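Asks: Numbering (the numbering used here), first residue to last: 694 to 1435.
Quick one: the structure is below, and I'll ask about it shortly.
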């Protein structure tokens, strides 16, 4: 889509928003239609204590079980759709590998040495890597997304925010749930959970999933399977809750996953022809055609394909997690909370990134990761409940061993015996600990001041090296270690103007330790990168109107980064470097409305302006922010068609998402090859609850990407080899889902 068309489309979206807003307000103010029930309140634990989301003076989006169902949030990636400023995509490396960006800040390198910038937590247990970060959401009570630096209460790797996922806890009732799904491309899914009380004080809960799907595209390689033919994923979870006494509650959970899949399908979307008779670019297509004239026939699929040329790929991922939570009420004014966790995975994958039926460039990765965590919090009140405080300490340690093998021109050797394949090895150990405190003093029922600070220390050890596939040492094994420390603080003032309207202003700091690259080569030595820090100022409003039938929340922010850590992909090597000074400004809007009895509306909007002010000796205008679309807009309208005892409840929902153009790599030159143009996706859902007059039985028919929009989700520019390519979003798909709760 050209820029003129894009601007016209962009303008039309804003016109639709104004129309939608006008209609909503007119319905809310009208006395003609039946009055809707108030919007549901959501309790969150974003600041370590339970509170109504509208009473928490920070930018936060939360989804309870009803929202997860209503918004069709099926996996962690779907959370971003209704969270303004948040982008979550699969990386080019494989399905389930998460790249998350919030307000222009995120993780480029998924290896643990690259560190996350959006911390993800399950029941308080930290997930230290984006590998395995995208997974199906089953038996979830609530999801909370905190935006902006969260270093005071959460610590490491939350400079861009945090995502809290809270699972349903066992209780005293026998109950259960089963879900079956069938969709396009032979998609099959089965999920179930059951809650079993064992004694008056000991309860258990078990859940599991199975999913399978055939390939989405035709593979033109006759000797290979369609992408995703190996798509199979299984998971289990077991949880126990013990009410040990009136004051002590202990929760334990174990979850494990087993994934056998192909890696994400990767298409060539462009290439450069070297000058006649020149092989300065090793790849596309003239140099290769001189020696292998039939290799590229019908295999260069530029643009969005409905078929793909690739060899067999595979992705194997097995993970486990143990989480132990304990809460002890010392008295009415103090609670001690402990979180202990252990997490680990084994990963093996082979990715085809050459867009042909031959093994010209396959990236093979093997990795083992494990981590342990211990957090202790003292959560209390003082001074006649005027002071709410949280004191805490945490410890985190992770180990990672990985081998990355670049198989380049292995099956089709280069002339003259040239060998450019390599095997890169890395071992990393990271240790982090911190102590922190935060308090909120209520000067009155309407005004509160929050102060908090955290001291953090990080120590990292890294060993890396590179060999040729014949065993020749290309980069000798090198060991490095270093330590960093930091003090980060927060100041926040909030005032309730009425019972329905609150405004707040805050200044907060964030920090990520420095480190060492986990991938080295003969081109780039193991050059360390420095710590990064950010100062964030934010103002916001939280408000409800018309007897809680309209909710409007908004926030504006300014991030000043020093030595921002960014991912660089140069000469085929992923590196983390420091960008110098950068500024990110933005605005976010959340609107929910129940204007009349049978209508529910959601609108979200995000604006991000990210730019580099300094970039070493380079011109900062040559660099761009990754996965930070300037404008995004989401809308959902739900209408209840009928709701009675005989027919049950039928609801029809329509949803749309608009995203501006977004970048996938650091430099303007690279993004010119692979940049995603602006796009709009439309979905629709039809749900039948209390089907056949059976309480708890429901059916959902779902259609996604109804206009079959073509859009890119990630990309790589292998300019040194003369080509570039992208991953794409799913085409139009349909699903039929059955749920039964008992």
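Note that CB positions come from ideal geometry on N, CA and C, so glycine has one too.
Small disclaimer: the values here were computed from a predicted structure and weren't measured.
Is residue 1095 buried or exposed, if buried means 16 or more other CB atoms sit within 10 Å of its CB?
Replies: The residue is buried, with at least 16 neighbouring Cβ atoms inside 10 Å.
Asks: Are the CB atoms of residue 1150 and residue 1178 nearer to each other than 8 Å?
Replies: It is a contact, given that the beta carbons lie within the stated cut-off.
Asks: Mind checking whether residue 1155 and residue 1099 have CB atoms under 8 Å apart?
Replies: In this structure, residue 1099 does not lie closer than 8 Å to residue 1155 by Cβ.
Asks: Would you kindly check if the distance between the Cβ of residue 850 and the Cβ of residue 1436 is under 8 Å?
Replies: This structure cannot speak to residue 1436, because the chain is shown only from 694 to 1435.
Asks: Run through DSSP, which three-state label would residue 1434 get?
Replies: Three-state DSSP puts residue 1434 in a strand.
Asks: Is the stretch 1321-1339 touching the stretch 1348-1364, taking contact as three or more C-beta pairs under 8 Å?
Replies: Yes: at least three Cβ pairs fall under 8 Å.
Asks: Tell me the rounded alpha-carbon separation between residue 1431 and residue 809.
Replies: Cα to Cα, residue 1431 sits roughly 36 Å from residue 809.
Asks: What distance in whole Å lies between the Cβ atoms of residue 768 and residue 829, which are believed to be in contact at a cut-off of 8 Å?
Replies: Contact holds; Cβ gap of about 5 Å.
Asks: Can you find at least 3 beta carbon pairs, one from the stretch 772-782 and one from the stretch 1268-1277, that sit closer than 8 Å?
Replies: Verdict: no, contact absent.
Asks: In chain order, which beta strand (DSSP E) runs of at least 3 residues are fully inside the stretch 762-817?
Replies: 779-784, 787-795 and 811-815, all fully within the stretch 762-817.
Asks: In whole angstroms, what is the alpha-carbon distance linking residue 1377 and residue 1294?
Replies: Rounded to whole angstroms, residue 1377 to residue 1294 spans 14 Å at the Cα level.
Asks: Express the C-alpha separation of residue 766 and residue 1329 in angstroms, rounding to a whole number.
Replies: If you take the alpha carbons of residue 1329 and residue 766, they lie about 13 Å apart.
Asks: Pull up the distance between the alpha-carbon of residue 1233 and that of residue 1186, whole angstroms please.
Replies: Computed Cα separation, rounded: 11 Å.
Asks: Among the residues of its own chain, which have a CB less than 6 Å from the CB of residue 1203, if the five just before and after it don't count?
Replies: Closer than 6 Å at the Cβ level, and outside the excluded window around residue 1203, lie 842, 844, 852 and 1227.
Asks: Is the beta carbon of residue 870 less than 8 Å from the beta carbon of residue 947?
Replies: Contact flag unset, no.
Asks: Buried or exposed for residue 1058, please, with buried defined as at least 16 other CB atoms from any protein chain shown within 10 angstroms of its CB.
Replies: With 16 or more other Cβ atoms within 10 Å, it is buried.
Asks: Spell out the partners DSSP gives residue 909 in its beta bridges.
Replies: DSSP, once it has assigned bridges, lists no residue as partnering residue 909.
Asks: Could you check where the alpha helix (DSSP H) with residue 1367 kicks off and where it finishes?
Replies: That run of the alpha helix (DSSP H) goes 1361-1367.
Asks: Give the DSSP bridge partners of residue 1179, in chain order.
Replies: 1149.
Asks: Where does residue 1388 land, buried or exposed, given buried means 16+ other C-beta within 10 angstroms?
Replies: Residue 1388 should be labelled exposed.
Asks: Leaving out the 5 sequence neighbours to the left and right, which residues in its chain are closer than 6 Å to residue 1146 when beta-carbon positions are compared?
Replies: Around residue 1146: 1182.
Asks: Please state if the CB of residue 1408 and the CB of residue 1422 are separated by a distance shorter than 8 Å.
Replies: No, they are not a contact pair.
Asks: With the cut-off set at 8 Å, would you say residue 1237 and residue 747 are in Cβ contact?
Replies: In this structure, residue 747 lies closer than 8 Å to residue 1237 by Cβ.
Asks: Quick one: grab the DSSP three-state call for residue 760.
Replies: The answer is helix: DSSP assigns residue 760 an H, G or I state.
Asks: Per DSSP, which residues does residue 890 bridge with? Please list them.
Replies: In DSSP, residue 890 forms a bridge with 896.
Asks: Using DSSP bridges, identify the partner residues of residue 867.
Replies: Answer by DSSP bridge pairing: none, since residue 867 is not bridged.
Asks: With H, G and I counted as helix, E and B as strand and the rest as coil, what does DSSP make of residue 847?
Replies: Residue state, collapsed to three classes: helix.
Asks: Please name the residue or residues paired with residue 1239 in a DSSP beta bridge.
Replies: BP columns for residue 1239 are empty, so no partner.
Asks: Alpha carbons only, please: which of 1078, 875, 1079 and 1072 is nearest the one belonging to residue 1085?
Replies: Of the listed residues, the one whose Cα sits closest to residue 1085 is 1072.
Asks: With a Cβ-Cβ cutoff of 8 Å, do residue 1292 and residue 1244 count as a contact?
Replies: No, they are not a contact pair.
Asks: Excluding sequence positions up to five away, which residues of its chain have a Cβ less than 8 Å from the Cβ of residue 878?
Replies: Here the set comprises 906, 907, 908, 909, 921 and 1426.
Asks: Determine the direct distance from the alpha carbon of residue 956 to that of residue 902, and round the result to whole angstroms.
Replies: Straight-line Cα distance between these residues: approximately 20 Å.
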